[in-house]
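A.B. asks: In the numbering used here, the protein residues as written are 18 to 329.
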Amino acid sequence: MSENENDDQQTPNQKTGFIQRCLDRFHDARSGFVNRLAYCSMRVFGHEDISLADIERGAYDGSTHKDRSLENAQETALLLSSAKECHRDAEARRTAITDKCKTLLTMSSILMGLVGLLLPKAFAFDAFWMRAVCFVAILGLLNVVVLLLTFFAVGRDTQVTLDQSEIDLEPKDYEKNRINLYLQCQVALDNRTDYLVDLYKVSRFFFLASFTLVVILFSISFLSSSPRSETSEIIRQLRSDPKLIDLLRGPKGEQGEDGNKGDQGRQGPQGRIGENGKDAVIDEEKMIDRILNDPRLRKRLEDAANRAVQDN
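1) Report all residues from its chain with a CB closer than 7 angstroms to the CB of Ser-80; omit the five preceding and five following residues, and keep chain order.
2) Below 8 angstroms on the Cβ atoms is my contact criterion, and I expect His-64 with Asp-211 to pass it. Report the Cβ-Cβ distance as a whole number of Å.
3) For Gly-133, which of helix, strand or coil comes out of DSSP?
4) Tell me the DSSP secondary structure of Tyr-191 in three-state form.
5) Does the Cβ of Cys-39 have 16 or more other Cβ atoms within 10 Å, making it buried, or fewer, making it exposed?
6) Identify whether Leu-71 lies in helix, strand or coil by the three-state DSSP scheme.
7) Could you check if Cys-202 is buried or exposed, using at least 16 other CB atoms within 10 Å of its CB as the buried criterion?
8) Give the single residue among Gly-279, Leu-225, Phe-145 and Leu-213 whose Cα lies nearest to the Cα of Tyr-77.
9) Within this structure, are the beta carbons of Ser-227 and Leu-121 separated by less than 7 angstroms?
10) Using the C-alpha atoms, what's the distance from Asp-45 back to Ile-36?
11) How long is the line joining the alpha carbons of Arg-92 and Ser-99, rounded to whole angstroms?
12) How about Tyr-217 and Ile-114: do their beta carbons lie closer than 7 angstroms?
13) DSSP state of Val-171, grouped into three classes?
14) Are the segment 119-133 and the segment 219-237 touching, with three or more C-beta to C-beta distances below 8 angstroms?
15) Among residues of its own chain, excluding the 5 on either side of Arg-324, which ones have a beta-carbon nearer than 7 angstroms to its beta-carbon?
16) Measure the C-alpha to C-alpha separation of Leu-43 and Thr-175 and round it to an integer number of angstroms.
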């Protein structure tokens, strides 16, 4: 087989490997961003003992299971029933916090829809601080949604199983093994449930803070503005927009022909009487110029000159 044929045959594998690496990097980047966001949110809430490793693991490691010494136990059946009850209580606690998170996620989704519906109102905020607070509230709601989606992420839990090695045990030894296994599962459930409870508290804190900010902002906007002022402002903006005015008027047509001259109007009212001329200053030169430049005087002088020529 030639080298070209080898290259052609290896190209699909190389492309698949490149795409897979890109997907893996995207997954790592997304997971890292979400984990760091959850870590920062918990630190803002006030959890100082939490670490980034706890966020990545999705559970605390504060409680560890230690096998109970059951060599001298007499009522192993009663102890097994107690261990099962502890395990059921841990599962019930997990179910309760999960239901609360579902309710909070539903409320956050509804509030996000309301904010999206009322979001155009936010652009009418005149003050910069109001727009900034509205932006922070929206980011808080998005953070709540991300944290709750992290809550419902796939995690690791310890479950009760039946191995082949337990089948051959004596009834008393089997019950002792079951007791420790149920207690181990209960500790693992509590470690993860404790983490999920803290995550729920942080999500509820950001939800209430964002909801309060949204209510305050829209209350201020509603009370400080009136429909009349908004209508007047809209009319003023429309009147001051030259492009809109030209669009409404349409293109200018050609200039038409002059119309017929109308009838002469009626005589206007008599003017007011002028001031007394006794104290007026007379400019003799201007007076002479006005008399000489009067066309009626010129016409009379021309007529007199013509008659004189005819007489001669």
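Even glycine gets a Cβ: it sits at the ideal position worked out from N, Cα and C.
C.D. replies: With the structure as the only source:
1) Val-204, Asp-207 and Asn-208
2) With 8 angstroms as the limit, His-64 and Asp-211 do not qualify as a contact, their Cβ atoms being about 11 angstroms apart.
3) It is helical.
4) helix
5) exposed
6) For the record, residue 71 in the displayed sequence is Asp; it is not Leu. Helix.
7) buried
8) Leu-213
9) no
10) 14 angstroms
11) According to the sequence as given, residue 92 is Glu; it is not Arg. Cα to Cα, Glu-92 sits roughly 11 angstroms from Ser-99.
12) yes
13) Three-state DSSP puts Val-171 in coil, outside helix and strand.
14) yes
15) none
16) Residue identity check: residue 43 is Phe in the sequence provided, not Leu. Their backbone Cα atoms lie some 29 angstroms apart in a straight line.
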